[in-house]
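Chemist: Questions regarding the structure given below will be posed in turn.
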Amino acid sequence: MIAKLLSATALACLATISSAASAQSGSGQKAPTASPAQPQSQPNPPSSKPEQQPTSKQPTADRSKLIEEAVTAVRETRNAIRAIDQNKPADAISALERATGKLEIVLARTPDLALAPIDDAVITYDVIGTVQDVERIRAAAKAAFDGGRMQEARRLMDGLASETVLSVTNMPLGTYPAALKEAAALLHQGKPQDAKRVLETALNTFVVTRTIMPLPLARAQSAIEEGRTLMEKSNRTDAESARLGSLLARARDQLRLGQALGYATEKEMSDLVRAVEDMERRTSGKQQARGIVEPTRPMFDAANKASQPPKSN
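Numbering (this note's numbering), first residue to last: 1100 to 1412.
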């Protein structure tokens, strides 16, 4: 009942969420199974998502140029490693000089920039199933975990995600340029293998930041916002009232799915469910209700924030 897929709808919700903040049983009994498909990634030009950028406040064109310079520096670093492997130290030094020059441009334009984004990707995981399906798999995973069957629990839990994950790879500008200069000095000293180790270490120090955008929260908020005009309309038609009821029911169901999947905190999700149920009560029949959407916006902001991965120290 669980699948992972690239969802056009999910990607359409990306801007909304960003502004608010994307098994087999090893025992005697057969557990419920998840059948995930492989997630598909959608690479994007880093300059196409201004919210991904670090602290730079440059205009879009300038920011795009800075990213291009940083990407070129990485490419030249790899060229230097390749030249070392080919026993061409002069070519390696030239590549490092070009890489250093590119980073000097970045640092000159944005001296306070700590991380330079060099790559990004979007992957969407979606759950095809009901709240009851999710709860059954959760129970099976807990039973496997409590029984010491860690890998079975891991496989079961692997499919329990409904989110868009935006991953941005960043170059640490505080250490990377110094590593290039150290490698160049080692090459001048006739120590190509030491230089190579320095460069490989530098390439492994890139920082990957991930932003999680829970799809149930996005879909629920979208449904509420879509129904706002109908809530505030004084003379709704029967069709409009039915439409509003459908939108609020969708929002409530999505929030309960997000709750079952463990997004945000239990209290934050319960408060959002109660808020939607209050909307349903206050707009039942053809009742008009104004100002009941606004209080949910900070609630969604907080729930999205609480759904983010912990920051590593």
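Don't be surprised by glycine CBs; every beta carbon is placed ideally from N, CA and C. Owing to the predicted nature of the structure, the values given are computational and were not obtained by experimental measurement.
Quick one: what's got a C-beta closer than 7 Å to Gly-1273's C-beta in the same chain, skipping five residues either side?
Modeler: Against the sequence shown, residue 1273 aligns to sequence position 174. Ala-1213.
Chemist: Which residues share a DSSP beta bridge with Thr-1308?
Modeler: Along the sequence shown, read from residue 1 onward, the residue named residue 1308 stands at position 209. Bridge partners of Thr-1308: Val-1267.
Chemist: To which residues of the same chain is Ser-1406 closer than 6 Å at the C-beta, ignoring the five residues directly before and after it?
Modeler: To locate residue 1406, count along the sequence shown from 1; it is residue 307. Cβ neighbours of Ser-1406 beyond the five flanking positions: Ile-1311, Pro-1313, Tyr-1362 and Ala-1363.
Chemist: Buried or exposed: Gly-1384, going by 16 or more other Cβ atoms within 10 Å of its Cβ?
Modeler: As a position in the sequence shown, residue 1384 is number 285, starting the count at 1. It is exposed - the Cβ of Gly-1384 has fewer than 16 other Cβ atoms within 10 Å.
Chemist: Could you give the distance in angstroms between the alpha-carbon of Ser-1340 and the alpha-carbon of Glu-1393?
Modeler: Counted from its first residue, the sequence shown places residue 1340 at position 241. Counted from its first residue, the sequence shown places residue 1393 at position 294. One C-alpha to the other measures close to 20 Å.
Chemist: Give the range of the alpha helix (DSSP H) segment to which Asp-1352 is assigned.
Modeler: Locating residue 1352 in the sequence shown gives position 253, counting from the first residue. Run containing Asp-1352: 1337–1359, per the alpha helix (DSSP H) assignment.
Chemist: Assuming Thr-1176 contacts Leu-1298 under a Cβ cut-off of 8 Å, what Cβ separation, rounded to an integer in Å, is found between them?
Modeler: As a first step, residue 1176 is located in the sequence shown; it is residue number 77 there, counting from the start. As a first step, residue 1298 is located in the sequence shown; it is residue number 199 there, counting from the start. Confirmed, Cβ separation roughly 6 Å.
Chemist: Can you round the beta-carbon distance between Gly-1357 and Leu-1316 to whole angstroms, since I take them to be within the 8 Å contact cut?
Modeler: Numbered from its first residue, the sequence shown carries residue 1357 at position 258. Numbered from its first residue, the sequence shown carries residue 1316 at position 217. About 6 Å; that satisfies the 8 Å criterion.
Chemist: Does the Cβ of Pro-1397 have 16 or more other Cβ atoms within 10 Å, making it buried, or fewer, making it exposed?
Modeler: Looking up residue 1397 in the sequence shown gives position 298. Classification for Pro-1397: exposed.
Chemist: What first and last residue would you give for the beta strand (DSSP E) that runs through Pro-1040?
Modeler: The structure shown has nothing for residue 1040, since the chain only spans 1100 to 1412.
Chemist: Alpha carbons only, please: which of Lys-1404, His-1287, Leu-1371 and Arg-1237 is nearest the one belonging to Arg-1351?
Modeler: Translated into positions along the sequence shown, residue 1351 becomes position 252. Minimum Cα distance to Arg-1351 is reached at Leu-1371.
Chemist: With a floor of 4 residues, list each alpha helix (DSSP H) that falls wholly inside the segment 1231–1259, ordered by position along the chain.
Modeler: 1249–1257, all fully within the segment 1231–1259.
Chemist: Assuming Thr-1199 is part of the alpha helix (DSSP H), what are its boundary residues?
Modeler: As a first step, residue 1199 must be located in the sequence shown, where it is residue number 100. Start and end: 1188–1208.
Chemist: Got a sec, what are the start and stop residues for the beta strand (DSSP E) Val-1221 sits in?
Modeler: Residue mapping note: residue 1221 aligns to position 122 of the sequence shown, counting from 1. From DSSP, the beta strand (DSSP E) with Val-1221 extends over 1214–1224.
Chemist: Roughly how far, in whole angstroms, is the beta-carbon of Arg-1318 from the beta-carbon of Leu-1265, given that I think they are within contact range, below 8 Å?
Modeler: Here residue 1318 refers to the residue found at position 219 of the sequence shown. Here residue 1265 refers to the residue found at position 166 of the sequence shown. Not really, about 17 Å apart at Cβ, beyond 8 Å.
Chemist: Alpha carbon to alpha carbon, how far is Ala-1284 from Ala-1172? Give it in angstroms, no decimals.
Modeler: As a first step, residue 1172 must be located in the sequence shown, where it is residue number 73. As a first step, residue 1284 must be located in the sequence shown, where it is residue number 185. Approximately 17 Å between the Cα atoms of the pair.
Chemist: Check whether the segment 1188–1202 and the segment 1233–1249 are in contact - that is, three or more C-beta pairs closer than 8 Å.
Modeler: Because the criterion of three Cβ pairs below 8 Å is not met, the segment 1188–1202 and the segment 1233–1249 do not touch.
Chemist: Gln-1288: which of Ala-1189, Ala-1402 and Asn-1178 sits nearest, CA to CA?
Modeler: Taking the sequence shown and counting its residues from 1, one reaches residue 1288 at position 189. Comparing Cα-Cα distances from Gln-1288 to each of Ala-1189, Ala-1402 and Asn-1178, the minimum goes to Ala-1189.
Chemist: Return the bridge partner residues of Pro-1313 from the DSSP annotation.
Modeler: As a working mapping, residue 1313 is identified with position 214 in the sequence shown. Paired residues: Glu-1262.
Chemist: Just to confirm my understanding: we take Arg-1389, look at its own chain, exclude 5 residues before and 5 after, and list those with CB closer than 6 Å. What are they?
Modeler: As a working mapping, residue 1389 is identified with position 290 in the sequence shown. Taken in chain order, the residues that qualify are Glu-1331.
Chemist: If we count the other Cβ atoms within 10 Å of its Cβ and call it buried at 16 or more, is Asn-1403 buried or exposed?
Modeler: The residue you call residue 1403 lines up with position 304 of the sequence shown. Label assigned to Asn-1403: buried.
Chemist: Using the Cα positions of Lys-1410 and Gln-1353, report the straight-line distance between them to the nearest angstrom.
Modeler: Numbered from 1 along the sequence shown, position 311 holds the residue referred to as residue 1410. Numbered from 1 along the sequence shown, position 254 holds the residue referred to as residue 1353. So the two alpha carbons sit approximately 27 Å from each other.
Chemist: Give the secondary structure of Pro-1394 by DSSP, where H, G and I count as helix, E and B as strand, and everything else as coil.
Modeler: Against the sequence shown, residue 1394 aligns to sequence position 295. It is coil, neither helix nor strand.
Chemist: Ignore the nearest five residues each way along the sequence and tell me which others in Met-1256's own chain have a CB closer than 6 Å to its CB.
Modeler: Taking the first residue of the sequence shown as 1, we reach residue 1256 at position 157. If we look at Met-1256 and ignore the five residues flanking it on each side, its Cβ neighbours are Ala-1240.
Chemist: Are there 16 or more other CB atoms within 10 angstroms of the CB of Ser-1121, so buried, or fewer, so exposed?
Modeler: Position 22 of the sequence shown holds residue 1121. At Ser-1121 the pLDDT is 35, less than 50, meaning the model places this residue with poor confidence; the figure from the coordinates comes in the next sentence. Looking at its Cβ environment, which holds 16 or more other Cβ atoms inside 10 Å, Ser-1121 is buried.
Chemist: Consult DSSP for Thr-1362 and reduce its assignment to one of helix, strand or coil.
Modeler: Working through the sequence shown from its first residue, we reach residue 1362 at position 263. Note that residue 1362 is Tyr in the sequence shown here, rather than Thr. Coil.
Chemist: At what residues does the alpha helix (DSSP H) containing Glu-1281 begin and finish?
Modeler: For the purposes of this step, residue 1281 is identified with residue 182 of the sequence shown, where counting begins at 1. 1275–1287 is the span of the alpha helix (DSSP H), which, as asked, contains Glu-1281.
Chemist: Measuring alpha carbon to alpha carbon, tell me which residue in Asn-1186, Glu-1167, Asp-1232 and Val-1233 is nearest Leu-1202.
Modeler: Within the sequence shown, numbered from 1, the residue matching residue 1202 stands at position 103. The residue with the shortest Cα to Cα distance from Leu-1202 is Glu-1167.
Chemist: Where does Gln-1407 fall in DSSP's three states?
Modeler: Counting from 1 along the sequence shown, the entry for residue 1407 is found at position 308. If DSSP states are grouped into helix, strand and coil, Gln-1407 belongs with coil.
Chemist: If we count the other Cβ atoms within 10 Å of its Cβ and call it buried at 16 or more, is Arg-1254 buried or exposed?
Modeler: As a position in the sequence shown, residue 1254 is number 155, starting the count at 1. Buried is the call here.
Chemist: Could you check what DSSP says for Asp-1420 in three-state terms: helix, strand or coil?
Modeler: Any property of residue 1420 remains undetermined from this structure, which presents the chain solely from 1100 to 1412.
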